[in-house]
Amino acid sequence: MADERSVGIVRAVLWLCFGLSGVAALGFELLWMRSAGLVLGATATTTSTVLACYFTGLGLGAALGRRTSTGGVRRYAFLELGAAAGGLWSLLVFRSALATGMLALAAAMLPATLCLGATLPVLGQALAAGSVGRRGGLLYAINTAGGALGVAAMGFGLPAAIGVTASYLTVVGASAAAGLLALLVGDEGSLLRQGRGTATSPVAAPRLRLLAAASGAIGLALEVLWIRLFAQVLHNSVYSFAAVSLVFLVALASGAALAGVLLAHVRATVVAALALVSGALAAVGGLWGFVWLTGDLGYVGMETGLPAYLLRIVGLAAVTAGPGAIAAGAVLPALWAAFGEKGGAARPLGDLTAANMF
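For the sequence shown, the positions run 14 to 371 when my numbering is used.
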């Protein structure tokens, strides 16, 4: 009984850590967007370069993290501390005379993104073994919900309130706190039960990687499309972008959590198929709904102040883009479960997440 209580406490602490990790990951992304825009100019090329570097680093980190077999909690702790150090490094690079080109941008972001990308497979090895779809989905949901908090903080005025440097230090502190908490758990992580996973057939694995890659490409394309659609009807401000991004992240977290529930009762391949089909239908329906609700893409202006304006944006995004994003959030957990975990939970979490990022 004592062991079960200890396991519950360890899991709760590590879930908290991964939520803080999500705060750091998305907080860094918005801060890097801001810093890169100041250094290189707020252009589409700069934004595309930041996103490319960000997802490349996360994907490489996930691919490297899939090789974890033991010591998941301690390794995770050091990865979070490494991400915190990488965040400080990025601040120094952006403030130095070296930040004059795209290579400098990549060098600033790569250390932190590599560490952050590896956190899911490494922590999943400890927390999701024996049930990679359900528990991995829960981890993904918690991390994405943390990311939504990071976007809310960095997108709705924290840098303006406390300054950019202090905002960087806040995000660094979130990652460092996650690492230190996990380090305090230390050997207690060995109390987590290691279940036996199922194997993946040699034929199924490449198909699942292809599905993960395709769903990642389509999902990112749809997010960019929605942001461009909202730009047609909204005042082009950081608040508008943050509001739309916030809805996407909350919806993705909800979809991942929903997948975790469904995978306890429904086959993984069925959940994945339902998510993909419903996502496609929701995207088409959402587009028609968006055109109708905005009066054929009419301007949505600020009529009664900023809070009411942001609520209108969030409501519009939730109704039109939200359902498709919920479906998208369910895809990866279902694919993880279908992949199996004979080599440990880290393998599907890292393998398919890397394919999804790239």
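Glycine included, each C-beta is placed from N, C-alpha and C at the ideal position.
Small disclaimer: the values here were computed from a predicted structure and weren't measured.
Contacting residues, own chain, Cβ-Cβ under 8 Å from residue i (five flanking each side not counted)
i, result
"Val421", "Coverage of the chain is limited to positions 14 through 371, which leaves residue 421 absent and any answer about it impossible."
"Leu271", "Ile339, Gly342, Ala343"
"Ala165", "Ala255, Leu259"
"Trp102", "Ala121, Pro124, Ala125"
"Val327", "Ala256, Leu259, Val260"
"Ala311", "In the sequence as presented, Ala is not what sits at residue 311; that position holds Gly. Correct list, in chain order: Val246."
"Met370", "Phe68, Thr69, Leu71, Gly72, Ala75, Gly130, Gly229"
Pair within 8 Å by beta-carbon distance, residue i and residue j
i, j, result
"Gly149", "Ala347", "no"
"Tyr67", "Thr132", "no"
"Ala76", "Gly363", "yes"
"Gly32", "Ile155", "yes"
"Ala350", "Leu276", "yes"
"Val63", "Phe107", "no"
"Leu73", "Cys128", "no"
"Ser34", "Ser188", "yes"
"Ala269", "Thr366", "no"
Rounded straight-line distance, which links the Cα of residue j to that of residue i
i, j, result
"Val304", "Ala296", "13 Å"
"Leu104", "Leu196", "25 Å"
"Ala190", "Leu71", "20 Å"
"Leu171", "Ser228", "33 Å"
"Ala368", "Ala225", "6 Å"
"Leu116", "Asp309", "42 Å"
"Arg79", "Val284", "24 Å"
"Thr307", "Leu247", "10 Å"
"Ala334", "Phe261", "7 Å"
"His278", "Pro336", "22 Å"
"Val135", "Ala359", "6 Å"
"Gly357", "Gln138", "6 Å"
"Thr69", "Thr59", "15 Å"
"Pro361", "Leu151", "15 Å"
"Glu236", "Ala244", "12 Å"
"Tyr153", "Val274", "13 Å"
"Gly176", "Arg220", "47 Å"
"Met315", "Tyr322", "5 Å"
"Thr317", "Arg24", "45 Å"
"Arg280", "Phe169", "40 Å"
"Leu182", "Gly299", "38 Å"
"Leu289", "Ser109", "45 Å"
"Ala174", "Gly85", "38 Å"
"Cys30", "Gly159", "10 Å"
"Leu242", "Ala286", "27 Å"
"Leu319", "Arg325", "10 Å"
"Thr178", "Ser291", "42 Å"
Secondary structure of residue i, DSSP reduced to three states
i, result
"Arg87", "helix"
"Asp309", "coil"
"Phe352", "helix"
"Val279", "coil"
"Gly318", "coil"
"Gly54", "coil"
"Ala358", "coil"
"Phe261", "helix"
"Gly114", "coil"
"Phe169", "coil"
"Leu29", "helix"
"Ala334", "coil"
Residue from the options with nearest C-alpha to residue i
i, options, result
"Arg87", "Leu127, Leu140, Gly328", "Leu140"
"Ile22", "Val198, Gly78, Gly176", "Val198"
"Thr282", "Leu94, Ile240, Leu345, Ala321", "Leu345"
"Gly232", "Ala217, Leu265, Phe254", "Leu265"
"Ala121", "Ala98, Val135, Pro134", "Ala98"
"Tyr332", "Ala269, Leu73, Trp239", "According to the sequence shown, residue 332 is Val rather than Tyr. When only C-alpha atoms are compared, the closest one is Trp239."
"Leu193", "Thr366, Gln245, Leu27, Met370", "Leu27"
"Gly95", "Ala174, Gly186, Val290", "Gly186"
"Ala293", "Pro320, Ala173, Leu29, Ala234", "Ala234"
"Ala119", "Leu182, Ser180, Ser48, Ala174", "Ser48"
Own chain partners of residue i with C-beta closer than 6 Å, once the 5 adjacent residues on each side are dropped
i, result
"Val263", "Ala161"
"Ala330", "Val257, Val260"
"Val313", "Val246, Leu247"
"Arg222", "Ala368"
Sequence-distant residues of the same chain with beta carbon closer than 7 Å to residue i, five excluded per side
i, result
"Gly302", "Val332, Thr333"
"Ala15", "Any reading at Ala15 must be qualified, since the residue scores a pLDDT of 46, below 50, and its modelled position is unreliable; the value itself is stated next. Excluding positions up to five away in sequence, the list is empty."
"Met46", "Thr60, Val63"
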